[in-house]
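Here is the structure we will look at.
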Amino acid sequence: MQSVTSLLIRGSLAVGLGMLAGSCARKDFFQTDARLPASAAPAVGPDSVWAVAGRHYDRHNGFYHLIMGPHHRAIWSAPVRVPVLHLATAEPAAGPLRPTKLGGGFQSTSLTLEAADSRPYVIRSLDKDPARILPTFIRKSFATNYLRDATSAGNPYGALVVEPLAQAVGVPHTHPRILYVALTETALAVDDANERLRGKLVLLEEKYNGKQVRSPLVPTARDFISDEEMRQRLYASAAARPDQQALLRARLLDVLIGDWDRHAGQWQWAELSDPARPGRQLYAPVPKDRDQAFFRISDGLVPWLITRKFAVRHLVTFKTRIHDVQALTGQGRFVDQRGMPELTRRDFARAAHYVQQQLPDSTLARAVRRLPPAVYAIEGPRLLRDLQARRAQLPAVAQRYYLLKARRPTLAGTDQPNYFRVERTPDSTTVSIYSRELGSDSLYFRRTFFRKETRHLTLEGLGGDDIFEVSGRGLPLELHGGSGHDVVRPASPPRLKFKQDANGGLPVSAPRSKKEELENYDRLEDE
Numbered sequence: 000m001q002s003v004t005s006l007l008i009r010g011s012l013a014v015g016l017g018m019l020a021g022s023c024a025r026k027d028f029f030q031t032d033a034r035l036p037a038s039a040a041p042a043v044g045p046d047s048v049w050a051v052a053g054r055h056y057d058r059h060n061g062f063y064h065l066i067m068g069p070h071h072r073a074i075w076s077a078p079v080r081v082p083v084l085h086l087a088t089a090e091p092a093a094g095p096l097r098p099t100k101l102g103g104g105f106q107s108t109s110l111t112l113e114a115a116d117s118r119p120y121v122i123r124s125l126d127k128d129p130a131r132i133l134p135t136f137i138r139k140s141f142a143t144n145y146l147r148d149a150t151s152a153g154n155p156y157g158a159l160v161v162e163p164l165a166q167a168v169g170v171p172h173t174h175p176r177i178l179y180v181a182l183t184e185t186a187l188a189v190d191d192a193n194e195r196l197r198g199k200l201v202l203l204e205e206k207y208n209g210k211q212v213r214s215p216l217v218p219t220a221r222d223f224i225s226d227e228e229m230r231q232r233l234y235a236s237a238a239a240r241p242d243q244q245a246l247l248r249a250r251l252l253d254v255l256i257g258d259w260d261r262h263a264g265q266w267q268w269a270e271l272s273d274p275a276r277p278g279r280q281l282y283a284p285v286p287k288d289r290d291q292a293f294f295r296i297s298d299g300l301v302p303w304l305i306t307r308k309f310a311v312r313h314l315v316t317f318k319t320r321i322h323d324v325q326a327l328t329g330q331g332r333f334v335d336q337r338g339m340p341e342l343t344r345r346d347f348a349r350a351a352h353y354v355q356q357q358l359p360d361s362t363l364a365r366a367v368r369r370l371p372p373a374v375y376a377i378e379g380p381r382l383l384r385d386l387q388a389r390r391a392q393l394p395a396v397a398q399r400y401y402l403l404k405a406r407r408p409t410l411a412g413t414d415q416p417n418y419f420r421v422e423r424t425p426d427s428t429t430v431s432i433y434s435r436e437l438g439s440d441s442l443y444f445r446r447t448f449f450r451k452e453t454r455h456l457t458l459e460g461l462g463g464d465d466i467f468e469v470s471g472r473g474l475p476l477e478l479h480g481g482s483g484h485d486v487v488r489p490a491s492p493p494r495l496k497f498k499q500d501a502n503g504g505l506p507v508s509a510p511r512s513k514k515e516e517l518e519n520y521d522r523l524e525d526e
């Protein structure tokens, strides 16, 4: 059976890749101008055009669709009427925009803009060129053709649909607009931005970055920072905490729309005053970049094989049934780990029910109607049916999602001295983490993990002189000591694994009694 499968994969890949222009990458793969020819387009004024996002993805060959997949090819080649980009009047900005920085990942081109009030915006090309993720020596091969063709799996207008869905469930979002960059555009004068964006359809939206941002969705935010900076602040002090419930709602929205591309770089965080803890900070999640919402790739033989569990599993296709929750949420597992460690099975159930309630059929229908008319005619009814079906599955999917998070959790302290108390029984393990930095209310984490859900538990001390108190027998534990002088009691608890970094060590000699240990903790705090 294994050899038959191998032959099937090899044969299908050979046929499919052979259909992608043989052994050489096509030099003229992309369209030079998104506009429709004047003879094929209805008359419009000077401030708008009829255009297509990517006519080069349109393949009418049925055998090609069978092997490579229909994806969203029809949408990419559907005619849409869009405004022409004018930096002086572009919405949603109020006033002129000034280009400041050319950027983008390995695939898309982006240009950061600044409004007169210093608020940041960005334009990003709808079409992508993933050839840059390939090693240089194979960029001229058929692999480039295949990767470029696979861009058609994305829905170029998906971000328009996400906006009202996010609004309904209380998830911060941008207000995207699709625009056309004229072939004569000269105002994008940062590096070679004019040359790279001319003739293309682009998405313009605000950026949640910096102290200048003002948004009615997070009106009390003092600052917007990256996920990396937010984590640094969490590690630095127990006074900083993520808004865990808000992150869970955002992640369930990701599941609903099939957005698997939710790694740490796809999040910003709003800094707020914590209403439940005066003097402390709360960080609310702000998702960005909805390029992979409603992604559809495994509808052809070659991509179906490539996206199996033994291959590129995380490229999950959006369809009626929510499948492979582990792959769908896997890109955001590190965001989840630090962003919602205390949430229980009940929290997941309540969040799923909340999202369902906030997304009635009328809201889903209104969101899907945000698609351009020609695109809606092709995709709208099917997308609405899929969203309705996926909404109904959210409670069951949320439970599977919870169990994934509960299986092997990692709990981290801070760079300040922390006191970890672990109370184990055969059925459950309760972890409490204290930080005297918080004053009299020193408890800042507590959760009980159940043996039927959790297989293994990891605690990370990070910096500072930490104390780990472990009692009873139960879940296997793994302790990671940080750079400080860490204390474990007892020195060799049963079923406990120790790890250390280059600057610290575990285990070390433990105090002789619990009282002495707590006195030692007080001493560490005083120092």
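Numbering that gives the first Met the number 0 puts the first residue of the sequence shown at 0, with every later residue one more than the last.
Cβ atoms here follow ideal geometry from the backbone N, Cα and C, with glycine treated the same way.
The structure presented is a predicted model; accordingly, all values stated were derived computationally and were not measured.
Neighbourhood of Val-189 by C-beta, 8 Å cutoff - its chain only, sequence neighbours within 5 removed: Excluding the 5 residues flanking it on each side, Val-189 has same chain C-beta neighbours closer than 8 Å at Pro-98, Thr-99, Lys-100, Leu-101 and Leu-110, in chain order.
Just to confirm my understanding: we take Arg-232, look at its own chain, exclude 5 residues before and 5 after, and list those with CB closer than 6 Å. What are they? Cβ within range, chain order: Ala-239.
Out of curiosity, what's the CA-to-CA distance linking Thr-413 and Asp-464? Looking at the two C-alpha atoms, the distance is approximately 10 Å.
Can you tell which of Leu-474, Arg-488 and Ile-466 has its C-alpha closest to the C-alpha of Ser-582? Residue numbering for the chain in the displayed model covers 0 to 526; residue 582 lies beyond these limits and cannot be assessed.
Would you say the region 60-72 touches the region 152-167, given that touching needs at least three Cβ pairs under 8 Å? Because the criterion of three Cβ pairs below 8 Å is met, the region 60-72 and the region 152-167 touch.
Using DSSP's beta-bridge definition, name the partner residues of Leu-96. Checking the DSSP bridge columns, you'll see Leu-96 partnered with Ala-114.
Exposed or buried, which one is Gly-503 when buried takes at least 16 other CB atoms within 10 Å? With a pLDDT of only 45 at Gly-503, under 50, the local geometry of the prediction cannot be trusted, and the value read off the model is given with reservation. So Gly-503 counts as buried.
Which value, in whole angstroms, describes the spacing of the CA atoms of Phe-294 and Thr-362? Phe-294 and Thr-362 have their C-alpha atoms spaced approximately 21 Å apart.
Buried/exposed call for Arg-423, threshold 16 Cβ in 10 Å: Taking all protein chains shown into account, Arg-423 has 16 or more neighbouring C-beta atoms within 10 Å of its C-beta and is therefore buried.
Beta-carbon spacing of Thr-108, Leu-196 below 8 Å: With respect to Leu-196, Thr-108 sits close: the two C-beta atoms are nearer than 8 Å.
What does DSSP give as the partner residue(s) for Asp-222 in the beta ladder? Answer by DSSP bridge pairing, in chain order: Glu-270.
Going by C-alpha distance, which of Glu-459, Leu-474 and Arg-472 is nearest Ser-486? In the sequence as presented, Ser is not what sits at residue 486; that position holds Val. When only C-alpha atoms are compared, the closest one is Glu-459.
Just the C-alpha distance for Tyr-443 and Gly-299, rounded to the nearest angstrom, thanks. Taking the straight line from one Cα to the other gives about 50 Å.
Quick check: what's the CA-CA separation for Ala-237 versus Trp-266? Note on geometry: alpha-carbon atoms of Ala-237 and Trp-266 lie some 21 Å from one another.
Hey, Glu-270 and Arg-221 are a contact pair by Cβ (cut 8 Å); roughly how many whole angstroms apart? Confirmed, about 5 Å.
What does a CB cutoff of less than 6 Å around Ser-76 pick up in its chain, not counting 5 residues either side in sequence? Same-chain partners within the cutoff: Val-51, Arg-54 and Asp-57.
So, helix, strand or coil for Glu-162, using DSSP? In the three-state reduction of the DSSP assignment, Glu-162 falls in the helix class.
Nearest-angstrom Cα distance between Gly-103 and Val-421? Roughly 45 Å separates the two Cα atoms.
Using beta carbons (cut-off 8 Å, strictly below), is His-71 in contact with chain D? Checking the listed chains, one finds no chain D in this structure; it contains a single protein chain.
Quick check on the burial criterion: 16 or more other C-beta atoms within 10 angstroms. Buried or exposed for Ser-38? Exposed.
Quick one: Cα of Gln-166 to Cα of His-172, how far? Using only the alpha carbons, I get a separation of about 7 Å.
Do Leu-247 and Met-339 have their C-beta atoms within less than 8 Å of each other? Yes.
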